[in-house]
Ligand code: KIV
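Numbering (our numbering), first residue to last: 135 to 397.
This is the structure in structure tokens:
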């Protein structure tokens, strides 16, 4: 049975922490789903970790539709959340509703968009159209150039504005809210103030849930990454070793062996 917006609300009501992970393809979605991950985010981070861009800005709707469809076909029980990419909801409310609907048609159960006061009309219109919406505040990567880089947000006076935005998004009908790269005390304040679950990434331990970018979690992305990344596996080493073992076997004539060969 698919995890729904009500299940995420119930996690918060029970005080039970939950996770969300990004997924971009059907195979990984199936593995994460079978591992019991309740929510899979087809994040526009796919622009960086799958497509090799420097930021999420180049990602368009056509790409989001392809990857969202793949994840939806791989998932069985998890809620699939499709990201609205940069440019797909900022110009008009009509764009937001049209593109939100396209993500649902591709298989998503909900959509995510970035921003506070400036996206409230879009949120209200999508919710009225039956599209569940997840908000995203703090270091919203689509605003990277406005922020002057990938920098922690919400420090000092910005904190009160973020709390206002969070409350406004909940009032507008968002069913949950991602908080990215903000001080932990601010995330705690937002989480305690809101009736909807918060999902943190670089927002400390007090959010209702936590999300990570799966290639970071698996140790596939190069370098140390941001402070909040914890690597739970070292797939870079495992893949390197497997590729080198394959090449060695071929060079030494051990592969293909008789059992890999048709007669
Ligand atoms: O696009 C994404 O993967 C995200 C997560 C980092 C929350 O927005």
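Cβ atoms here follow ideal geometry from the backbone N, Cα and C, with glycine treated the same way. As the structure is a computational prediction, the values presented were derived from the model and not from experiment.
- Put simply, the region 293-307 touches the region 242-256. At least three CB pairs are less than 8 Å apart.
- Residues 263, 265 of the same chain have their beta carbon placed closer than 8 Å to that of residue 235, with the five preceding and five following residues left out of the count.
- Boundaries of the alpha helix (DSSP H) around residue 140: 139-148.
- Counting along the chain, no beta strand (DSSP E) covers residue 283, and no H or E run does either.
- Remark: C-beta atoms of residue 344 and residue 153 approach each other more closely than 8 Å.
- A contact is defined here as three or more CB-CB pairs under 8 Å, and the region 189-196 meets this definition with respect to the region 209-220.
- Residue 196: not part of any beta strand (DSSP E); member of the alpha helix (DSSP H) spanning 195-208, first to last residue.
- In the DSSP annotation of this structure, the continuous segment of the beta strand (DSSP E) that includes residue 152 starts and ends at 152-156.
- Less than 8 Å divides the Cβ of residue 248 from the Cβ of residue 276.
- Taking the Cα of residue 163 as reference, the smallest distance to any Cα among 349, 272, 206, 290 is reached at 206.
- Here the distance from the Cβ of residue 314 to the nearest heavy atom of the ligand KIV is below 7 Å.
- Contact between the region 366-373 and the region 346-358 is established, with three or more Cβ pairs separated by less than 8 Å.
- For residue 347, the three-state secondary structure derived from DSSP is coil.
- Under the three-state reduction of DSSP, residue 181 is assigned to helix.
- Restricting attention to 357, 285, 321, 166, the CA atom closest to the CA of residue 296 is found in 321.
- For residue 178, the shortest C-beta to heavy atom distance toward the ligand KIV is below 7 Å.
- With a contact defined as Cβ atoms closer than 8 Å, residue 240 and residue 202 qualify at about 4 Å.
- Taking C-alpha positions only, residue 387 is separated from residue 378 by approximately 14 Å.
- Counting the other Cβ atoms within 10 Å of the Cβ of residue 135 gives fewer than 16, which makes it exposed.
- Beta-bridge pairing by DSSP links residue 269 to 311.
- Taking the CA atoms as reference points, residue 257 sits about 52 Å from residue 381.
- Distances taken from the Cβ of residue 270 to the heavy atoms of the ligand KIV include one shorter than 7 Å.
- Check the Cα spacing between residue 150 and each of 333, 175, 371, 376: the tightest is with 333.
- Residue 135 sits in coil when the DSSP states are folded into three classes, being neither helix nor strand.
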